[in-house]
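Residue numbers (the working numbering): 188 to 501.
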């Protein structure tokens, strides 16, 4: 007992720091958690981008329609003034008093005191005005949807940032943190893929050495699904943005998770859909792993093979 009391404090008390094995186990758990959180963030971000795009399109249509209405209104003013000046309309005093050519011409139309051409101009203006109101309402609804989607990003973004901070701390303790090079030239793909798959893998290999970045879509960094989407986009094949969306999109394109049946370019998904990569042939996978790591090629050894859920052939 006395000997224990005489020990230095840092030896008498158990070291609170995790062992290397404990740190690696915690890192694996964090990686799984982060993958799912990042995918939820990406999904919320995609919803916001789609909602914002819809609003921009509707707002542009609204602005164009407003120009049309303004032009028709100017035409109505010209018609109303002309009709009053040359037609001796009893509605002229009302127009002069309130400056409303629409009311003037509508009243004259009801009294059959304007030509068919003038009446058609009035009908065109009324129809354009109704369209303007409708488009304005749609644009407002779309903006509200975009705002709601944007607000959904905040908690997911905060969760991702906290997990990334924990991952970074652990990786630095383990001495394995890799910053990567956003300008990495990558390496040349020399595998057996052909056609679109070869184009996709050539692009993915050209990104090797660049850092993983959650939410990354290139060109200087990527997350796992951002890399696969960008790679297949370069091959002319559009696939969704997130891991969950890609898995659902590929429901009719799934192939057996068999080493002998996989083909270069196939998308590989981890259990829980927290991560994914692309089969490169010869038992290898190219992927953007996690925070503190770089885009790389790995062997589908027992560790990686045991984590896989399934495969899709775009």
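Glycine included, each C-beta is placed from N, C-alpha and C at the ideal position.
Computed from a predicted structure; not experimentally measured.
One question on the structure: do residue i and residue j come within less than 8 Å of each other, judged by their Cβ atoms?
i           : j           : result
residue 433 : residue 384 : no
residue 505 : residue 402 : The structure shown does not extend to residue 505, since the chain is modelled only from 188 to 501, so the question has no answer here.
residue 487 : residue 471 : yes
residue 399 : residue 477 : yes
residue 387 : residue 422 : yes
residue 350 : residue 224 : yes
residue 425 : residue 417 : no
What first and last residue would you give for the alpha helix (DSSP H) that runs through residue i?
i           : result
residue 391 : 382-393
residue 489 : 489-494
residue 401 : Here residue 401 belongs to no alpha helix (DSSP H), and DSSP marks it neither H nor E.
residue 418 : 411-421
residue 431 : 430-436
Output needed for residue i: all residues of its chain with C-beta closer than 7 Å, excluding positions within five of it in sequence on either side, in chain order.
i           : result
residue 500 : 440, 442, 450, 453
residue 336 : 231, 234, 235, 238
residue 438 : none
residue 375 : 392
residue 368 : 396, 397
Going by CA-CA distance only, name the one from the options that's closest to residue i.
i           : options            : result
residue 482 : 496, 339, 373      : 373
residue 213 : 354, 343, 226      : 354
residue 366 : 345, 339, 395, 376 : 395
residue 468 : 477, 264, 447, 331 : 447
residue 370 : 381, 407, 382, 348 : 407
residue 326 : 251, 479, 404      : 251
residue 311 : 455, 258, 457      : 258
residue 333 : 243, 360, 376, 261 : 243
residue 318 : 416, 331, 254      : 254
residue 262 : 240, 248, 307      : 307
residue 389 : 420, 359, 362      : 420
My assumption, with CB atoms under 8 Å, is that residue i sits in contact with residue j. Please give the rounded CB distance.
i           : j           : result
residue 498 : residue 414 : The pair is not a contact, with the Cβ atoms about 16 Å apart (cut-off 8 Å).
residue 379 : residue 473 : With 8 Å as the limit, residue 379 and residue 473 do not qualify as a contact, their Cβ atoms being about 14 Å apart.
residue 322 : residue 245 : 6 Å
residue 344 : residue 228 : 6 Å
residue 463 : residue 457 : 7 Å
residue 248 : residue 347 : Not confirmed; about 35 Å, so no contact.
residue 241 : residue 329 : 5 Å
Near residue i, which residues of its chain fall below 8 Å by C-beta distance, leaving aside the five closest residues on each side in sequence?
i           : result
residue 226 : 412, 429, 430, 431, 460, 461
residue 493 : none
residue 320 : none
Ordered along the chain, which non-local residues of its own chain (more than five positions away) have a Cβ less than 6 Å from that of residue i?
i           : result
residue 280 : With a pLDDT of 49 at residue 280, under the threshold of 50, the modelled position of this residue cannot be trusted; read the value that follows with caution. Within the same chain, residue 280 has no close Cβ partners at all.
residue 339 : 231
residue 427 : 433, 436
residue 188 : Reliability fails at residue 188, whose pLDDT of 42 lies under 50, so the model's placement of it is uncertain and the value that follows must be treated cautiously. Excluding residues within five positions, none has a Cβ falling inside 6 Å.
residue 480 : 365, 399
residue 490 : none
residue 299 : Low confidence applies to residue 299: its pLDDT is 49, below 50, so where it sits in the model is not reliable, and the reading given next is rough at best. Hits under 6 Å: none found.
Span of the beta strand (DSSP E) holding residue i?
i           : result
residue 467 : 463-468
residue 460 : No beta strand (DSSP E) contains residue 460, which DSSP labels as neither H nor E.
residue 587 : The structure shown does not extend to residue 587, since the chain is modelled only from 188 to 501, so the question has no answer here.
residue 486 : 483-486
Given the structure, does residue i come close to the ligand FMN, in the sense that its CB is under 7 Å from one of the ligand's heavy atoms?
i           : result
residue 398 : Absence of the ligand FMN is noted for the structure shown, with no ligands found whatsoever.
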